[in-house]
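Numbering (the numbering used here), first residue to last: 2 to 416. Quick reminder that beta carbons are idealized off the backbone N, C-alpha and C, glycines included.
This is how it looks when you write it as structure tokens:
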């Protein structure tokens with residue numbers, strides 16, 4: 002077998018241009034497929050990352066201003082969501098699974114020992130950690146006892162722990178927020194490394210000490226069950242809007258009174274766009290791969306035609322037709338496998354370099370349009386196998402025909 006590979010090496014070395022053209026067709030096809038698929042995945046991953054801090058099957062209601070006069074009221078009237086709205090949604094809509102609410106308290110000063118930091122505080126409820134997709138890395142989140150007893154507890158983000166607490170364990174430490182002492186009960190993972198996120202306290206306590214015990218809240222978020230289509234989502238949103246409008250006495254046709262962010266529709270729309278991009282990329286990628294297949298096939302046909310005279314000499318020296326066919330097929334496998342691997346490595350390398358440039362050039366809080374351009378290794382290997390098999394198929398029939406020529410006819414071929 003070693004002799005076969007030595008013979009193949011000598012043949013490739015003597016026919017550098019032919020080897021290069023065959024290899025280039027293979028490497029270019031794989032390289033472009035990797036670039037296209039990696040770019041498509043990079044766009045998709047960036048979009049999913051931007052959507053990552055939102056629960057997919059959820060909706061969020063925000064306080065707003067009316068845009069339509071109604072029942073004697075002028076437009077531009079402020080509609081404030083209240084804690085009572087939470088009970089209405091929870092008790093009257095069986096589709097709602099988890100529910101939470103948020104009160105925003107911005108411009109607060111956090112102090113720990115001699116260190117201070119300006120930040121925003123979110124009053125929240127126990128389900129907020131699930132709906133906001135936060136990950137606790139130390140301690141716990143706000144619980145029902147904290148809500149009912151208005152405990153002075155706080156959950157900080159990982160960046161605040163590193164920059165302000167600067168100790169191995171933050172849980173159990175006491176900090177001050179605008180002069181009020183809080184006990185740290187948990188730390189959650191920051192959405193982006195180095196970027197400071199909001200801290201969480203019980204909503205009931207936050208409204209008491211930072212909002213003059215007001216019942217008003219900034220938004221209500223909830224997840225839903227059994228709503229899987231765009232129409233069902235739109236119908237449910239309309240039901241929510243109608244009920245809230247009735248409670249606050251504004252027109253149910255006024256979408257500005259309470260603004261609803263429908264993550265179900267947003268996610269479906271985003272995935273439709275991403276799937277369209279993926280389909281387009283696959284069409285272009287398969288076209289490029291097909292061009293590579295045609296290139297390899299053509300070069301194999303020309304190669305065998307040019308070497309028919311050589312095959313005649315081999316037969317004259319005692320080579321069997323089967324050994325000639327085997328030599329051609331092994332040579333095809335060696336060339337397409339090697340250059341397919343080269344194209345694969347170059348494609349992955351270029352995508353990683355491009356990704357690292359974008360990552361290093363972006364700030365910690367900047368949205369990126371391109372992220373983690375991964376390519377399924379199985380797809381890349383399968384594409385290489387397609388080119389290898391194409392070369393074998395293209396080479397087998399003419400190789401078999403040339404090998405079966407009479408020795409004297411083969412030796413006279415092209416003369």
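Mind checking residue 366: buried by the 16 CB within 10 Å criterion, or exposed?
For this step, residue 366 is matched to residue 365 along the chain shown. Any reading at residue 366 needs caution, since the residue's pLDDT is 47, under 50, leaving its predicted position unreliable; the model's value is listed next. Residue 366 is exposed by the Cβ-count criterion.
Backbone secondary structure at residue 203 - three-state DSSP:
As a working note, residue 203 is residue 202 in the chain shown. DSSP places residue 203 in strand when its eight states are reduced to three.
Looking only at C-alpha atoms, which of 75, 245, 223 sits nearest to residue 82?
Working through the chain shown from its first residue, we reach residue 82 at position 81. Taking only the C-alpha atoms, the option nearest residue 82 is 245.
Buried versus exposed, by CB contacts within 10 Å (16 or more), residue 290:
Taking the chain shown and counting its residues from 1, one reaches residue 290 at position 289. Counting other Cβ atoms within 10 Å of its Cβ, residue 290 reaches 16 or more and is therefore classed as buried.
Between the Cα of residue 254 and the Cα atoms of 22, 144, 69, 154, which residue gives the shortest distance?
As a working note, residue 254 is residue 253 in the chain shown. Comparing Cα positions, the closest option is 69.
Tell me residue 115's beta-bridge partners as DSSP assigns them.
Along the chain shown, read from residue 1 onward, the residue named residue 115 stands at position 114. The partner list for residue 115 (beta bridge, DSSP) is empty, contrary to what the question assumes.
Applying the 10 Å Cβ sphere with the 16-neighbour rule, what's the burial state of residue 328?
Position 327 of the chain shown holds residue 328. When all chains shown are included, residue 328 counts as buried.
So, under 8 Å CB-CB, residue 172 and residue 186 are touching, yes? Tell me the CB distance rounded to an integer number of Å.
Reading the chain shown from its first residue, position 171 is the one you call residue 172. Reading the chain shown from its first residue, position 185 is the one you call residue 186. That belief holds up - the Cβ atoms of residue 172 and residue 186 are roughly 6 Å apart, short of 8 Å.
How big is the Cα-Cα spacing for residue 280 and residue 273?
Locating residue 280 in the chain shown gives position 279, where the first residue counts as 1. Locating residue 273 in the chain shown gives position 272, where the first residue counts as 1. Here the C-alpha atom of residue 280 lies approximately 10 Å from the C-alpha atom of residue 273.
Which residue marks the beginning of the alpha helix (DSSP H) containing residue 241, and which one marks its end?
Within the chain shown, numbered from 1, the residue matching residue 241 stands at position 240. Segment 231-249, the alpha helix (DSSP H) holding residue 241.
What are the partner residues of residue 139, as DSSP defines its beta bridges?
Within the chain shown, the letter at position 138 stands for residue 139. Bridge pairing for residue 139: 188 [DSSP].
Select from 398, 389, 359 the residue whose C-alpha is nearest the C-alpha of residue 303.
Translated into the one-based positions of the chain shown, residue 303 becomes position 302. Residue 398 is the option with its Cα nearest to residue 303.
Continuous beta strand (DSSP E) stretch holding residue 64: start and end
Residue numbering aside, residue 64 sits at position 63 when the chain shown is read from its first letter. For residue 64, the enclosing beta strand (DSSP E) covers residues 59-66.
Pull up the distance between the alpha-carbon of residue 20 and that of residue 335, whole angstroms please.
The residue labelled residue 20 in the question sits at position 19 within the chain shown. The residue labelled residue 335 in the question sits at position 334 within the chain shown. Computed Cα separation, rounded: 11 Å.
Could you give the uninterrupted runs of the beta strand (DSSP E) lying entirely in the region 127-184, keeping only those of 3 residues or more?
Runs found: 137-140, 154-158, 175-178.
Considering only residues of the same chain and omitting the five flanking positions on each side of residue 242, which have a CB-CB separation below 8 Å?
Here residue 242 refers to the residue found at position 241 of the chain shown. Excluding residues within five positions, the ones whose Cβ falls inside 8 Å are 253, 256, 259, 261.
Does the beta carbon of residue 126 fall short of 7 Å from some heavy atom of the ligand MG?
With respect to the ligand MG, the structure shown offers nothing to examine, as it has no ligands at all.
Taking all protein chains shown into account, decide if residue 319 is buried (16 or more other Cβ within 10 angstroms of its Cβ) or exposed.
Taking the first residue of the chain shown as position 1, residue 319 is located at position 318. The Cβ neighbour count for residue 319, taken over all protein chains shown within 10 Å, is under 16; the residue is labelled exposed.
Is the Cβ-Cβ distance between residue 189 and residue 159 less than 8 Å?
Residue mapping note: residue 189 aligns to position 188 of the chain shown, counting from 1. Residue mapping note: residue 159 aligns to position 158 of the chain shown, counting from 1. Contact flag set, yes.
Sequence-distant residues of its chain with Cβ nearer than 6 Å to residue 342 (five each side left out)
For the purposes of this step, residue 342 is identified with residue 341 of the chain shown, where counting begins at 1. The beta carbon of residue 342 sits closer than 6 Å to no other beta carbon from its chain once the five residues preceding and following it are set aside.
So, does the region 291-301 touch the region 84-102, judging by three or more C-beta pairs under 8 Å?
Contact check between the region 291-301 and the region 84-102: fewer than three CB pairs, one atom from each, fall below 8 Å, which does not count as touching.
Can you tell me whether DSSP reads residue 380 as helix, strand or coil?
What you label residue 380 is simply residue 379 of the chain shown in a count that begins at 1. Note: residue 380 maps to helix in three-state DSSP.
Among 205, 178, 166, 75, whose alpha-carbon lies nearest the alpha-carbon of residue 150?
Residue numbering aside, residue 150 sits at position 149 when the chain shown is read from its first letter. Residue 205 is the option with its Cα nearest to residue 150.
Flag residue 166 as yes if its beta-carbon sits less than 8 Å from any beta-carbon of chain E, otherwise no.
The structure shown contains no chain E, having only a single protein chain.
Got a sec, what are the start and stop residues for the beta strand (DSSP E) residue 261 sits in?
Along the chain shown, read from residue 1 onward, the residue named residue 261 stands at position 260. Where residue 261 is concerned, the enclosing beta strand (DSSP E) stretches over 259-263.
Just grab the DSSP bridge partners of residue 123 for me.
Locating residue 123 in the chain shown gives position 122, counting from the first residue. In DSSP, residue 123 forms a bridge with 105, 201.
Near residue 67, what residues of its chain come up, given a Cβ to Cβ distance below 6 Å and the 5 sequence neighbours on each side ignored?
Counted from its first residue, the chain shown places residue 67 at position 66. For residue 67, where only same-chain residues beyond five positions count, the Cβ hits under 6 Å are 76, 78, 251, 255, 258.
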